[in-house]
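What follows is a set of notes on a single structure, which appears directly below.
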Amino acid sequence: MIEIPSDLHKDLVPLAFLLGNWSGAGVHDFPGAEKCNFGQEVSFSHDGRDFLAYHSHTWVLDNDGNKVRPLESESGFWRIDADRKVEVTMVRNDGVVEVWYGELADKKPQIDLVTDAVARTAASGPYTGGKRLYGYVNSDLMWVGEKQTPEVELRPYMSAHLKKVVTPEDVERWAKALPDDMPDDGIAFFK
1 MIEIPSDLHK DLVPLAFLLG NWSGAGVHDF PGAEKCNFGQ EVSFSHDGRD
51 FLAYHSHTWV LDNDGNKVRP LESESGFWRI DADRKVEVTM VRNDGVVEVW
101 YGELADKKPQ IDLVTDAVAR TAASGPYTGG KRLYGYVNSD LMWVGEKQTP
151 EVELRPYMSA HLKKVVTPED VERWAKALPD DMPDDGIAFF K
């Protein structure tokens with residue numbers, strides 16, 4: 001269910017499908033790095049200003065799905081303009097700072113992003129840019145990331161399938177929003 005909070009900045013309404021906390025799993029595979037399954041928690045939030053705050057944490061999973069160790073963390077800010085152009089500023093734990101530009105697809109909740117600028121600290125590994133695709137599919141958030149380095153051409157390296165995390169507060173808010181005249185048996189509701 002996509003909710004549009006009443007205090008969401010009007011420019012961000014097209015990105016409302018991203019709002020909330022998401023959790024799931026994916027695959028990490030890039031030459032020179034460990035191939036693994038990973039868990040992920042993502043949060044998109046707002047405070048009424050014209051951007052979404054973004055936080056993502058991933059961790060390596062063992063064969064039984066247990067957390068082994070942190071993989072990557074990133075934080076940033078997402079904006080969109082009247083022409084559906086999306087800009088993202090992002091910093092990652094490995095010492096990489098990125099500016100991403102892209103576009104929200106017409107008539108569907110899908111965002112394609114490409115790096116425009118990359119800055120790296122001396123401690124970060126080689127990295128020259130990337131692409132990402134985010135999509136809201138059947139109430140889930142799915143994404144795939146591509147990465148390139150001086151030694152490796154642009155190629156997919158991470159992807160994940162995330163489910164919306166529902167809190168007790170969400171359930172209470174939804175329950176209060178139900179109409180008073182809802183049928184007791186529930187069947188009439190679907191007729």
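For reference, each letter of the sequence shown is one residue, going 1 to 191 in full-length UniProt numbering.
Glycine included, each C-beta is placed from N, C-alpha and C at the ideal position.
These numbers were taken from a predicted model, which means no experiment stands behind them.
Within 8 Å, strictly: CB atoms of residue i and residue j
{"i": "F44", "j": "L19", "result": "yes"}
{"i": "L154", "j": "R132", "result": "no"}
{"i": "R49", "j": "E72", "result": "no"}
{"i": "V86", "j": "G76", "result": "no"}
{"i": "R84", "j": "P168", "result": "no"}
{"i": "residue 258", "j": "D140", "result": "Limits of the chain in this structure are 1 at one end and 191 at the other, which puts residue 258 out of reach."}
{"i": "P70", "j": "V152", "result": "no"}
{"i": "E56", "j": "V68", "result": "Reading the sequence as shown, one finds Ser at residue 56 and not Glu. It is not a contact, given that the beta carbons lie outside the stated cut-off."}
{"i": "W143", "j": "A160", "result": "yes"}
{"i": "A12", "j": "I80", "result": "It should be noted that the sequence gives Leu, not Ala, for residue 12. Taking 8 Å as the Cβ cut-off, L12 and I80 qualify as a contacting pair."}
{"i": "N37", "j": "V165", "result": "no"}
Residue(s) in a DSSP beta bridge with residue i
{"i": "R173", "result": "In the DSSP output, where bridge partners are listed per residue, R173 has none listed."}
{"i": "A25", "result": "G39, H161"}
{"i": "V137", "result": "D140"}
{"i": "residue 195", "result": "With the chain covering 1 to 191 only, the question about residue 195 has no answer from this structure."}
{"i": "R132", "result": "L113, G145"}
Terminal residues of the beta strand (DSSP E) in which residue i lies
{"i": "H161", "result": "155-164"}
{"i": "F17", "result": "Taken as a continuous stretch (DSSP letters only), F17 belongs to no beta strand (DSSP E), as it is neither H nor E."}
{"i": "D140", "result": "140-148"}
{"i": "S45", "result": "36-45"}
**Message:** Across the region 21-31 and the region 96-111, are there enough close Cβ pairs to call them in contact, namely three or more that are closer than 8 Å?
**Reply:** no
**Request:** Answer yes if the region 142-150 comes into contact with the region 123-132, meaning at least three C-beta pairs across the two stretches below 8 Å, and no otherwise.
**Result:** yes
**Asked** What are the uninterrupted segments assigned as alpha helix (DSSP H) that are 4 or more residues long and contained completely in the region 52-122, given in chain order?
**Response** none
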